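Below: the structure, in structure tokens.
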Amino acid sequence: MISINKAILLLLAGAPTTTHALNAFAGPAAGKSTGVKVGRVDAGPIEISEIGFGTWAWGNKLLWDYDPSQDEEIYQSYQCLRNRGVSLFDSADSYGTLQLNGRAEILLGSFERRYQSELSQPGVGADDGGLLGGLFSPKPYIPPAQQVATKFAPYPWRITRKAMVKAARESLERLEQDKLAIAQLHWSTANYQPFQERALWEGIADVYDEGLCEAVGVSNYGPKQLSKIAAYLKERNVPLATAQVQYSLMTYKDSLEIKDACDEVGCRLISYSPLCLGLLTGKYTLDNLPRPGNPRRQLFRELLPGAQPLLKTLEAVAADAGKTQSQVAINWAMCKGGVPIPGVRTVEMAEDNLGAVGWRLSKGAVDELDSAALKVSKPMIQNVFATK
Numbered sequence: 003m004i005s006i007n008k009a010i011l012l013l014l015a016g017a018p019t020t021t022h023a024l025n026a027f028a029g030p031a032a033g034k035s036t037g038v039k040v041g042r043v044d045a046g047p048i049e050i051s052e053i054g055f056g057t058w059a060w061g062n063k064l065l066w067d068y069d070p071s072q073d074e075e076i077y078q079s080y081q082c083l084r085n086r087g088v089s090l091f092d093s094a095d096s097y098g099t100l101q102l103n104g105r106a107e108i109l110l111g112s113f114e115r116r117y118q119s120e121l122s123q124p125g126v127g128a129d130d131g132g133l134l135g136g137l138f139s140p141k142p143y144i145p146p147a148q149q150v151a152t153k154f155a156p157y158p159w160r161i162t163r164k165a166m167v168k169a170a171r172e173s174l175e176r177l178e179q180d181k182l183a184i185a186q187l188h189w190s191t192a193n194y195q196p197f198q199e200r201a202l203w204e205g206i207a208d209v210y211d212e213g214l215c216e217a218v219g220v221s222n223y224g225p226k227q228l229s230k231i232a233a234y235l236k237e238r239n240v241p242l243a244t245a246q247v248q249y250s251l252m253t254y255k256d257s258l259e260i261k262d263a264c265d266e267v268g269c270r271l272i273s274y275s276p277l278c279l280g281l282l283t284g285k286y287t288l289d290n291l292p293r294p295g296n297p298r299r300q301l302f303r304e305l306l307p308g309a310q311p312l313l314k315t316l317e318a319v320a321a322d323a324g325k326t327q328s329q330v331a332i333n334w335a336m337c338k339g340g341v342p343i344p345g346v347r348t349v350e351m352a353e354d355n356l357g358a359v360g361w362r363l364s365k366g367a368v369d370e371l372d373s374a375a376l377k378v379s380k381p382m383i384q385n386v387f388a389t390k
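According to our numbering, the sequence shown is numbered sequentially starting from 3.
Structural data, given as structure tokens:
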């Protein structure tokens, strides 16, 4: 049996352009955050923020060099996101390495309690840049309620439907909350342990029936498996809100069918790793790789050569739009109808990623990025647990 750390890592680790589309975007120009509030979109029967954020790094020492001393800075980034209207936060009961397992959920719960406590102080409300006294903001902005979408890992010992309900209750205990927005299956066991799959479906439906979530979702389900579980959930009268897959410019070639599949079953596509573990930010080159010992170092060394035409196109479109490469990559995922969930650990990262909202790439820019993405000679490796 593979270790939890290896399983988590495996979840993610599958000619230069000389012209670029004019009028790459429509909306306010900015190099960083535009300051606009984050919009809302439908996800099955519920509404979620048009961009969410992932918490995989919160507690992960292996890939993201997490240390508890970073918690205050992470909270400041969380506060920034909430002040701008972000409500959706993706997590999992497996997030956090070794003794830090479950850390992401613990932080999500504690951060929201602290945030609400600060908002409840007399004369205090949320604003773009932070908390602003009521003296200057007579009608302070009240952000939408936090929406936690957490995933339950189908560990080999979770072979009964009751095991999933137990997992949901344990996540809620870590969050210190009564109900999840979305309870998700982290991956399907159809490829390697198919007898377990039915119990997972029954269990996630039971989580909803017991009032522990508003809706359910799946992760790493391909079009065929998504159709199957959607049919089952429909029989159980359980709402399917989301289906998340690894979806970025570096995986586009292998993700062409999933959006149509989501539309067919009436759920929202969630794009995890929209920046391909940071490769699409423009920060990394063969001469500037993640630190030695970080698994991303070797991965980027293998991916960067074949991604050069795409990265040059991304750079050109970003320059034309007056945006960062991260903002363009995230906005591209939004233009595809998905809700991207990039990771965030600092206020700088939060502000940069929030600069992806309030505008849209032109069709010409999207088409140019699509074309470059389809020509990547070595795409990001697919999740080992992903199904057809």
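Glycine included, C-beta positions come from ideal geometry on N, C-alpha and C. Only a predicted model underlies this, so the values are computations on that prediction, with no experimental measurement involved.
Among C82, P297, L282 and D95, which has the Cα closest to the Cα of E175? E175 has its Cα closest to that of D95, out of C82, P297, L282 and D95.
From T189 to Y249, what does the alpha carbon distance come to, in whole angstroms? The residue you asked about is not Thr; residue 189 is Trp in the sequence shown. So the two alpha carbons sit approximately 15 Å from each other.
So, with DSSP's three-state summary, where would you put T152? DSSP places T152 in strand when its eight states are reduced to three.
Roughly how many angstroms separate the alpha carbons of D372 and S122, rounded to a whole number? Linking D372 to S122 through their CA atoms gives a straight-line distance of about 45 Å.
So, is F387 buried or exposed, given that buried needs 16 or more other C-beta atoms within 10 angstroms? buried
Alpha helix (DSSP H) segments (min. 4 residues) lying fully within the stretch 248 to 308: 260 to 267
In chain order, each beta strand (DSSP E) run of at least 3 residues that lies wholly inside the stretch 330 to 384: Correct list: 341 to 343.
Identify the residues that DSSP records as bridge partners of E49: which are they? For E49, which the question treats as bridged, DSSP gives the partners D44.
At the level of alpha carbons, what is the spacing between A192 and W159? Approximately 16 Å, taken between the alpha carbons.
What residues match up with I392 in a beta bridge as DSSP calls it? Because the chain here runs from 3 to 390, residue 392 falls outside it and cannot be looked at.
By the 10 Å Cβ neighbour count, where 16 or more other Cβ atoms means buried, how is T287 classified, buried or exposed? exposed
So if DSSP puts T244 in a beta bridge, which residue, or which two residues, is it bridged to? G219 and R270
Collapsed DSSP secondary structure at D69 in the structure displayed: coil
Check each candidate in K377, Q118, T152 and I343 and name the one with the smallest Cα separation from L313. K377
Check the C-beta distance from G205 over to M166 and give it rounded, since I have them as a contact under 8 Å. 3 Å
Whose C-beta lies closer than 6 Å to the C-beta of R298 among residues of the same chain, with five residues either side of it excluded? L279 and P292
Classify Q101: buried if its beta carbon has 16 or more other beta carbons within 10 angstroms, exposed otherwise. exposed
Per DSSP, S79 is paired with what? Partner(s): none; S79 has no beta bridge.
Determine the DSSP secondary structure at G324, reduced to helix, strand or coil. DSSP places G324 in coil when its eight states are reduced to three.
Three-state secondary structure (DSSP) of S229: helix
Nearest-angstrom Cα distance between S51 and R163? 30 Å
Note the first and the last residue of the continuous beta strand (DSSP E) segment covering L90. L90 to A94
In angstroms, rounded to a whole number, what distance separates the CA positions of W60 and E107? Distance between the alpha carbons of W60 and E107 is about 9 Å.
Might you give, ordered along the chain, the residues of its own chain that have their beta carbon closer than 6 Å to the beta carbon of L109, omitting 5 neighbours on each side? W60
Would you please state the rounded distance, in angstroms, between the beta carbons of T389 and G224? I believe it to be under 8 Å. 5 Å
Own chain, CB closer than 6 Å to N62, minus 5 neighbours either side, in chain order: Residues Y68 and T99 of the same chain have their beta carbon placed closer than 6 Å to that of N62, with the five preceding and five following residues left out of the count.
Any idea if A32 is buried or exposed, counting beta-carbon neighbours within 10 angstroms, 16 or more meaning buried? Note on A32: pLDDT 30, under 50, position unreliable in the model; the coordinate value appears next. It is buried - the Cβ of A32 has at least 16 other Cβ atoms within 10 Å.
Do Q1 and I161 have their C-beta atoms within less than 7 Å of each other? Summary: the structure shown does not reach residue 1, with the chain confined to residues 3 through 390, and so no result is reported for it.
Quick one, which of T315, P311 and D289 has its alpha-carbon nearest R303's? D289
Does the Cβ of A28 have 16 or more other Cβ atoms within 10 Å, making it buried, or fewer, making it exposed? Confidence in A28 is poor, its pLDDT being 43 and thus under 50, which makes the residue's placement too unreliable to answer from.
Would you say I144 and R347 are within 7 Å of each other, going by their C-beta atoms? no
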